[in-house]
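In the working numbering, the protein residues as written are 36 to 78. Ideal Cβ positions, reconstructed from N, Cα and C, are used throughout, including at glycine. As the structure is a computational prediction, the values presented were derived from the model and not from experiment. Report on the structure given below.
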Amino acid sequence: MLFYYKNDKKVLNKVLYNMKITIFVPEIKSESLFDRMILSMSN
Numbered sequence: 036m037l038f039y040y041k042n043d044k045k046v047l048n049k050v051l052y053n054m055k056i057t058i059f060v061p062e063i064k065s066e067s068l069f070d071r072m073i074l075s076m077s078n
């Protein structure tokens, strides 16, 4: 049970982090940076 809770927390943190990326990417307007983030997310 605790194991699943920890995983859920990780997933939630990742989702929140990805939301931040989504908000900041239009300001950065850097495709290479965005591509790198996608690659790191998929790993």
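{"Asked": "Given this structure, state the Cα-to-Cα distance separating K44 from S75, to the nearest angstrom.", "Found": "19 Å"}
{"Asked": "Which value, in whole angstroms, describes the spacing of the CA atoms of D70 and K41?", "Found": "28 Å"}
{"Asked": "How long is the line joining the alpha carbons of Y52 and Y39, rounded to whole angstroms?", "Found": "20 Å"}
{"Asked": "Can you give the Cα-Cα distance for L47 and I56, rounded to whole angstroms?", "Found": "14 Å"}
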